[in-house]
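Structure record follows, encoded as C-alpha cells.
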Amino acid sequence: MELFVLVKILMKHLQFRGFWKRSVKSLLVNALWMQQDLKMQMIKQYADITGCSTERDRGLNMDIKQALLFLTENCKPAVASGVLTADDRVSFRDGDNVWITRNGADISSLTESDLITFDVKGKFSYSDRIAEIHCVLYAKHKRLGAIVNSRTQYSLSVSRTGETVRPYVDDIAQIAGIDIKCIEHADTGRIKSLIKRRSALLLKDSGSMCADISLDDALATVMITEKACRIHIQSRYLGGAKPINVIESALMRFIYLKKYSKIKY
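Residues in the sequence shown are numbered from 39 upward in steps of one, following my numbering.
Right under this line is the structure:
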C-alpha cells in the first residue's frame, strides 16, 4: 500500500502528461517485480555461475591466512566464470580493518604477499591510488562491506569514452543507481558523493568501481554494471533504445533500497 500511495502523491505533483501515461503502468509493474527481490536473484545468479557464496560475518577480525582463504574462495571462481578479470582489485571490510588485493596481483591465484591491510580509522600509508580511494570510501560510508574495481570488457570500453551510462532496464536502476557516471581518479570528493547514492561508477580509463554492503552484493553489482555498459554500447551503434527517465529511476532505486534493507537484515 505504501508504494501505491507514493505513486499517487508523485503523479499528483507532476505536470507532464507523457510521463503520466507511460509511468503509472511502468511503476506498478516494477512494484510487482520488486516483490521477487531482484538483488537476491542476482546474488543467486552469481553463486550459480561461480559455484560459491560470499556471505560472511563482517566482524571476524581475520588474520592474513583467513583473509587469503576468503578472497581465494571467491576471486578464483569469479575470474574463471568471467565475472572478474585476473587483474581486478577486490577489498572487503573486516571490523575496523580492510583487506585489499595489491595492484598487479593475479586474483585467480593469490598469495599472502598479494594482500594489503589497513585500519579504516588510521592514516593511509600506501602509495596506491585505488587502495586509497577504497580507504576513503570505507571511512566515509559505514554501510560498505566490499568494493570491487573491475576491468571487464564493456565496463573498460565505456570508461575510456568518459560517457555516463543511463539505465535502460529496471535492474540497472534498482541495483546500480539512477546512472553510472565516469569519474577521474583524482576527484575523490565526487567519488565519495556518488557512492553515497549509487552502488557503481566508472573510473576514467580503468573500468568500473562497485561498492556494496557485502562482497556478494558487490559482485552482483559488477555483473549488472557490465550488463549496463554492454547495453549502452549496443544502443549507441544500433539505436532505438530509450533509457528510463531520472524520476522513474530514482523511485525504483528508493523502493528497492528500502525493501532490500529489510530483507537483508
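Positions of the beta carbon are idealized from the N, C-alpha and C atoms, including for glycine. Quantities reported herein were computed from a predicted structural model and do not represent experimental measurements.
- [ ] Since I believe Asp-255 is in contact with Val-186 (beta carbons under 8 Å), could you give me their beta-carbon distance rounded to a whole number of angstroms?
- [x] Here residue 186 refers to the residue found at position 148 when the sequence shown is read from its first residue. Here residue 255 refers to the residue found at position 217 when the sequence shown is read from its first residue. About 10 Å; that fails the 8 Å criterion.
- [ ] Label Asp-101 either buried or exposed according to how many other C-beta atoms from any shown protein chain fall within 10 Å of its C-beta, with 16 as the threshold for buried.
- [x] Mapped onto the sequence shown, residue 101 falls at position 63. Label assigned to Asp-101: exposed.
Open item on the list: According to DSSP, is Asn-283 part of a helix, a strand, or is it coil?
Closed with: Translated into the one-based positions of the sequence shown, residue 283 becomes position 245. Note: Asn-283 maps to coil in three-state DSSP.
Task: DSSP bridge partner residues for Val-203 (one or two, in chain order) - done: For the purposes of this step, residue 203 is taken as residue 165 along the sequence shown, with counting starting at 1. Paired residues: Ile-218.
Open item on the list: Using only the alpha-carbon positions, how far apart do Ser-244 and Phe-130 sit?
Closed with: By 1-based counting over the sequence shown, the position of residue 244 is 206. By 1-based counting over the sequence shown, the position of residue 130 is 92. One C-alpha to the other measures close to 20 Å.
Open item on the list: Could you check whether the stretch 144-155 touches the stretch 211-218, counting it as contact only if at least three pairs of C-beta atoms, one from each stretch, sit closer than 8 Å?
Closed with: no
TODO: Could I get the ranges of all uninterrupted beta strand (DSSP E) runs contained in the stretch 148-215, with 3 residues as the minimum, in chain order?
DONE: 153-157, 184-188
Open item on the list: Nearest by alpha-carbon distance to Gly-227: which of Lys-296, Ser-273, Ile-269, Val-174 is it?
Closed with: Numbered from its first residue, the sequence shown carries residue 227 at position 189. Answer by Cα proximity: Val-174.
Open item on the list: Short of 8 Å in beta carbon distance, which residues of its chain neighbour Leu-182, apart from the five on each side in sequence? Order them along the chain.
Closed with: Stepping through the sequence shown from its first residue, residue 182 is reached at position 144. Only Arg-131, Leu-175, Tyr-176, Ile-233, Ala-249, Asp-250, Ile-251 meet the Cβ criterion.
Task: Residue burial classification, Ser-157 (beta-carbon count within 10 angstroms, cutoff 16) - done: Against the sequence shown, residue 157 aligns to sequence position 119. It is Asp, not Ser, that sits at residue 157 in the sequence shown. It counts as exposed.
TODO: Would you mind working out which of Tyr-275, Leu-276, Met-261, Ser-246 sits nearest Gly-200, comparing C-alpha positions?
DONE: For the purposes of this step, residue 200 is taken as residue 162 along the sequence shown, with counting starting at 1. Of Tyr-275, Leu-276, Met-261, Ser-246, the residue nearest in Cα terms is Ser-246.
Task: Ile-154 to Arg-140 span [Cα, whole Å] - done: The residue labelled residue 154 in the question sits at position 116 within the sequence shown. The residue labelled residue 140 in the question sits at position 102 within the sequence shown. Cα-Cα distance, rounded: 6 Å.
Task: Lys-161, buried or exposed, once every other Cβ within 10 Å from all chains shown has been counted against 16 - done: Sequence index remark: in the sequence shown, residue 161 carries index 123 (1-based). Classification for Lys-161: exposed.
Open item on the list: So, at 6 Å on beta carbons, what are the nonlocal neighbours of Glu-170 in its own chain, with the 5 sequence-adjacent residues on each side left out?
Closed with: The count along the sequence shown starts at 1 and reaches residue 170 at position 132. Once the five neighbours on either side are set aside, the close Cβ partners of Glu-170 are Phe-162.
- [ ] Inspect the beta-carbon positions of Ser-195 and Lys-242 and report whether they are closer than 8 Å.
- [x] Sequence index remark: in the sequence shown, residue 195 carries index 157 (1-based). Sequence index remark: in the sequence shown, residue 242 carries index 204 (1-based). For Ser-195 and Lys-242, no; Cβs fall outside 8 Å.
Open item on the list: So, at 7 Å on beta carbons, what are the nonlocal neighbours of Val-117 in its own chain, with the 5 sequence-adjacent residues on each side left out?
Closed with: Locating residue 117 in the sequence shown gives position 79, counting from the first residue. If we look at Val-117 and ignore the five residues flanking it on each side, its Cβ neighbours are Thr-123, Ala-124, Ile-145, Ser-146.
Task: Of the listed residues Ile-216, Ala-279, Gly-277, nearest to Glu-286 (C-alpha basis) - done: Taking the first residue of the sequence shown as position 1, residue 286 is located at position 248. For Glu-286, the nearest C-alpha among the options comes from Ile-216.
Task: Identified DSSP bridge partners for Asn-135 - done: Working through the sequence shown from its first residue, we reach residue 135 at position 97. Answer is Asp-132, Asp-157.
Open item on the list: I'd like the list of long-range same chain contacts for Ile-269, defined as Cβ closer than 6 Å, with 5 residues on each side in sequence excluded.
Closed with: Numbered from 1 along the sequence shown, position 231 holds the residue referred to as residue 269. Counting only Cβ-Cβ distances below 6 Å, and skipping sequence neighbours, we find Tyr-206.
TODO: Confirm, please, whether the CB-CB distance from Lys-219 to Leu-239 is below 8 Å.
DONE: Along the sequence shown, read from residue 1 onward, the residue named residue 239 stands at position 201. Along the sequence shown, read from residue 1 onward, the residue named residue 219 stands at position 181. Cβ distance < 8 Å, so Leu-239 and Lys-219 count as in contact.
Open item on the list: Please state whether the Cβ-Cβ distance between His-172 and Val-136 is less than 8 Å.
Closed with: Numbered from its first residue, the sequence shown carries residue 172 at position 134. Numbered from its first residue, the sequence shown carries residue 136 at position 98. For His-172 and Val-136, yes; Cβs fall inside 8 Å.
Task: For Met-247: DSSP bridge partner residues - done: Here the question's residue 247 lines up with position 209 in the sequence shown. Paired residue(s): Asn-187, Leu-239.
Task: Beta-carbon spacing of Cys-113, Tyr-192 below 8 Å - done: Counted from its first residue, the sequence shown places residue 113 at position 75. Counted from its first residue, the sequence shown places residue 192 at position 154. Their beta carbons are not under 8 Å apart, which means Cys-113 does not touch Tyr-192 by this criterion.
- [ ] Could you tell me the distance, in whole angstroms, from the CA atom of Lys-296 to the CA atom of Ser-237?
- [x] One-based indexing of the sequence shown puts residue 296 at position 258. One-based indexing of the sequence shown puts residue 237 at position 199. Their backbone Cα atoms lie some 14 Å apart in a straight line.
Open item on the list: Can you look up Val-67 in the DSSP assignment and give me helix, strand or coil?
Closed with: As a position in the sequence shown, residue 67 is number 29, starting the count at 1. Unreliable placement is indicated for Val-67, whose pLDDT of 42 sits below 50; no coordinate value is reported for it.
Task: Assigned exposure category for Tyr-294 - 16 Cβ within 10 Å defines buried - done: As a working note, residue 294 is residue 256 in the sequence shown. It counts as buried.
Task: Neighbourhood of Thr-202 by C-beta, 8 Å cutoff - its chain only, sequence neighbours within 5 removed - done: Reading the sequence shown from its first residue, position 164 is the one you call residue 202. So the qualifying residues of the chain are Asp-217, Ile-218, Lys-219, Cys-220.
- [ ] Note the first and the last residue of the continuous alpha helix (DSSP H) segment covering His-270.
- [x] Sequence index remark: in the sequence shown, residue 270 carries index 232 (1-based). First-last of the alpha helix (DSSP H) with His-270: 253-276.
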